[in-house]
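Read through the structure below, which is laid out as C-alpha cells, and then see the notes.
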Amino acid sequence: MSNWRAYAAVGLGSGLGSLARFQIGVWMAAPGFPWATLVVNLAGSGLITLLAAYAAGRPHGRVSRCQPLLIAGFCGGFTTFSLFGLETLAMLSQGHLAMALVYVALSLAGWLSAAWVGHLGGRRLATLLE
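In full-length UniProt numbering, the protein residues as written are 1 to 130.
Spelled out as C-alpha cells, the structure:
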C-alpha cells in the first residue's frame, strides 16, 4: 500500500471509528457513571486484538492488507483513552473517589480481559479459515 493510500485509509477509518464512538455515546447517554466510554473501550480492546491476531495468522489476507484502515484507523478512532482520563479526573474533582476507583479498576481489568479474548478469538479464527 502506498503512503498516501495508507494515510487515507487511517483517516477514513478514524472518522468512521469516531462516528461510531459518538453514536454509542448518544445511545448510552446517562448521568453518573461513564458507561459508554467503558463499553467502547472494552469493545475496541477486544476488536483490535482480534484483528491483529487474525492478521498475524494470515499475513497475506485481506485483514492484513487493511490494517491501516481497521486497526490504526477504525479502532484508534473508536477507542478513547483521553476521554477515560477526563471522566476519571471529573469524578475525582467532584469527590466521587469510590466511583473513580471502580471505573479505573473495571476499565483496566476489562481492557485486558477483552484483549486476551480478542487475541484468542483472532488466532482461532485464523486457524479455522486456513
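The beta carbon of each residue, even a glycine, is placed where N, CA and C say it ideally should be.
Since the structure is predicted, the reported quantities are computational estimates derived from the model, not experimental observations.
Reduced DSSP category for residue i - H, G, I as helix; E, B as strand; rest coil
i      : result
GLU130 : coil
GLY95  : coil
GLY118 : helix
GLY14  : Looking at the sequence itself, residue 14 is Ser, so the reference to Gly does not match. DSSP places SER14 in helix when its eight states are reduced to three.
SER2   : coil
THR79  : coil
Beta-carbon proximity list for residue i, same chain, < 7 Å, skipping 5 on both sides
i      : result
GLY15  : GLY77
MET28  : TRP35, ALA36, VAL39
THR127 : GLY57
HIS96  : none
MET91  : MET99, ALA100, TYR103
CB contact flag (residue i, residue j, <8 Å)
i           : j      : result
LEU69       : ALA9   : yes
GLY110      : LEU50  : no
residue 141 : GLY73  : Because the chain in this structure spans residues 1 to 130, residue 141 falls outside the shown range and cannot be described.
THR88       : VAL104 : yes
ALA55       : SER64  : yes
Residue-level contact to chain C via CB, residue i, 8 Å cutoff
i     : result
GLY76 : Given the protein chain composition of this structure (a single chain), no chain C is represented.
Residues near residue i in its chain [Cβ-Cβ closer than 6 Å; skip 5 each side]
i     : result
TYR7  : none
THR79 : ASN41, GLY44
Could you tell me which uninterrupted beta strand (DSSP E) segments, each at least 3 residues in length, are contained entirely in the stretch 27–71, listed from first to last along the chain? none
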